[in-house]
Amino acid sequence: MPMDVAGKAIVVVGGASGLGLATAGLLAKAEAKLAIIDINPSSLERCIATLASPDLIVHGICGDIVPKAEAVKLVREAAGKLGRIDGLVNCAGVYPRRPILDITDEDWDFDWKINVRGTYNTMAAAVELMRGQPLAGKVRGRIVNVSSVDAFKAHPQNAHYAATKSAVVSLTRSFALEFAPDQILVNAIAPAGIATEKAKGSGFLPELASHTPLGRNAELDDITSWIGFMLGEGNNYMTGETVIVSGGYIFA
Ligand SMILES: NC(=O)c1ccc[n+]([C@@H]2O[C@H](COP(=O)([O-])OP(=O)(O)OC[C@H]3O[C@@H](n4cnc5c(N)ncnc54)[C@H](O)[C@@H]3O)[C@@H](O)[C@H]2O)c1
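Below, the structure written as structure tokens:
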């Protein structure tokens, strides 16, 4: 898959572990310049130590994307360190399960504030910076949000999470339309089960794999390759789309 991100300044939010860390690893190999934003200081430290190499520019920035003012400060700091912002990936997210009739106010607020408000906050901060930049090729900036196949399937075991991921699809479309005249591309990916440490610990992966036509969960590189493609020069014309990469689970 063509993934030309060499030299691009890319901010990975939630990049200290799981899908975000794997995405940062792929982008680092492809010679992007990186800033990783994450709320967890010890994971962030480990992540920077893992990625560090003499040829790589990688900055770790610790903070919480939920309060808008803090998210704006974090994204500005990241772009300031990198010199510009060509790409933003929103991988921060939470997915605790709760039966549909037991979802509490606290459950709603917890999922919503990180998955939806946090995603909105970093996008808002990034497009403000991107639209003031000169074009790099045909595009001023590319954003990739992480939704979930659950945005498109009934999911009574985790209805509040599924609703937040539908909201991410909607935000992706709204930002794409609003900032298309600025040549900013906004897309999302909707995976099914991915074998991250967090998901493995949550216990739902074997059941998901058994309902997935390809017969397995996604490995990290099954998903990061798509994120890398949407962030790179291979994509100059797709915007507002959510790409479902679910091993066929969407149809099961
Ligand atoms: N793993 C799966 O099976 C799966 C499937 C579909 C979609 N997703 C989505 O992929 C994304 C990543 O999932 P993962 O399994 O890698 O999870 P993870 O917990 O390993 O990674 C999420 C990262 O986001 C960070 N984070 C959380 N809240 C934050 C905040 N307020 N501010 C800044 N950083 C914050 C965490 O510290 C963590 O490093 C999530 O959005 C999840 O919903 C995961």
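Residue numbers (the numbering used here): 120 to 371. Ideal Cβ placement from N, Cα and C applies to all residues, glycine included.
Every unbroken stretch of the alpha helix (DSSP H) spanning 4 or more residues and falling wholly within the region 193–243 is given here in chain order: 224–231. Listed in chain order, the alpha helix (DSSP H) runs fully inside the region 148–187 are 160–170, counting runs of at least 4 residues. Residues of the same chain with a CB within less than 7 Å of the CB of glutamate 338, apart from the 5 flanking positions on each side, are Ala314 in chain order. If you draw a straight line from the Cα of arginine 261 to the Cα of valine 305, it is about 6 Å long. Annotation for valine 130: the continuous beta strand (DSSP E) segment containing it runs 128–132. If you compare the alpha carbons of Ala198, Val235, Trp231 and Ile204 with that of valine 258, the shortest gap goes to Ile204.
Within the same chain, Cβ atoms closer than 6 Å to the Cβ of asparagine 234 are found at Gly212 and Thr283, the five residues on either side in sequence being excluded. C-alpha of threonine 238 to C-alpha of glycine 320: approximately 24 Å in a straight line. Bounds of the beta strand (DSSP E) holding leucine 304 are 303–310. Runs of beta strand (DSSP E) with 3 or more residues, each lying fully within the region 273–345, are found at 303–310, listed in chain order. Glutamate 360 and glutamate 150 have their alpha carbons spaced roughly 26 Å apart. In this structure, alanine 147 lies near valine 177, with their beta-carbon atoms less than 8 Å apart. Non-local C-beta neighbours of glycine 126 in its own chain, meaning closer than 8 Å and more than five positions away in sequence, comprise Glu150, Ala151 and Lys152, ordered along the chain.
Short of 8 Å from the beta carbon of proline 332, and not among the five residues preceding or following it, lie these beta carbons of its own chain, in chain order: Gly366, Gly367, Tyr368, Phe370 and Ala371. Under DSSP, alanine 255 shares a beta bridge with Val258. Relative to the non-hydrogen atoms of ligand 1, the Cβ of aspartate 340 never comes closer than 7 Å to any of them. Residue environment for serine 162: buried (at least 16 other C-beta atoms within 10 angstroms of its C-beta). When the Cα atoms are used, leucine 207 and proline 218 turn out to be separated by approximately 33 Å. Checking the 7 Å criterion, the Cβ of asparagine 306 is out of range of every heavy atom belonging to ligand 1.
Counting the other Cβ atoms within 10 Å of the Cβ of glycine 251 gives fewer than 16, which makes it exposed. Under the DSSP definition of a beta bridge, threonine 361 partners with Ala307.
Only exposed fits proline 253, as fewer than 16 other CB atoms lie within 10 angstroms of its CB.
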